[in-house]
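Colleague: Residues 89 to 204, numbered by my numbering, are exactly what the sequence shown covers, in order. Note that beta-carbon positions come from the ideal geometry of N, C-alpha and C, so glycine has one too.
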Amino acid sequence: MTEPLKTKTVAAVREHDDDLSGNHLGGNAMHETNWQRDAEIILAARAASGLPFTADDLRQDGLGEPDKPARWGNLFLQAQREGVIVSVGVLNSRRAQRRGSLSRVWVGTHGEAVAA
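1. Report yes or no: do three or more beta-carbon pairs, one from the region 121-128 and one from the region 142-152, lie closer than 8 Å?
2. Tell me whether Arg182 sits in a helix, a strand or coil according to DSSP, three-state version.
3. From Arg192 to Ala132, what does the alpha carbon distance come to, in whole angstroms?
4. With DSSP as the reference, label Leu190 as helix, strand or coil.
5. Taking the C-alpha atoms as reference points, what is the distance between Ser181 and Leu190?
6. How big is the Cα-Cα spacing for Ser137 and Gly196?
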């Protein structure tokens, strides 16, 4: 939908969090924690931009796939419930795996974002 975010903030926060994370959790627990943290950071940056975006845009910004696909829905539902984003429409997904199924389009509310 839009160009990848070119902010040093996302990378800096990730680097700082990695240094302080303790990395003592193993396997999927660490993957889940890191993915959720990274997802919230990237989503907050997209929401603050004021531009419409989809999950595909978060992937384009460098967010990998979660250990469970349902985590995508939970991420957007949480952000919507917290008033960070609102749905503004749908479009066909660009991902071949989705076979053109609908993907929700989101926009940040007044440029506000939750702290990740």
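Modeller: Short version:
1. Taking 8 Å as the limit for Cβ pairs, the verdict is that the region 142-152 does touch the region 121-128.
2. Position 94 of the sequence shown, counted from the first residue, corresponds to residue 182. Note: Arg182 maps to coil in three-state DSSP.
3. Position 104 of the sequence shown, counting from 1, holds the residue named residue 192. Position 44 of the sequence shown, counting from 1, holds the residue named residue 132. So the two alpha carbons sit approximately 17 Å from each other.
4. On the sequence shown, position 102 is the one that residue 190 refers to. DSSP places Leu190 in strand when its eight states are reduced to three.
5. In the sequence shown, the residue the question calls residue 181 occupies position 93. In the sequence shown, the residue the question calls residue 190 occupies position 102. Ser181 and Leu190: Cα-Cα distance of roughly 6 Å.
6. Translated into positions along the sequence shown, residue 137 becomes position 49. Translated into positions along the sequence shown, residue 196 becomes position 108. If you take the alpha carbons of Ser137 and Gly196, they lie about 7 Å apart.
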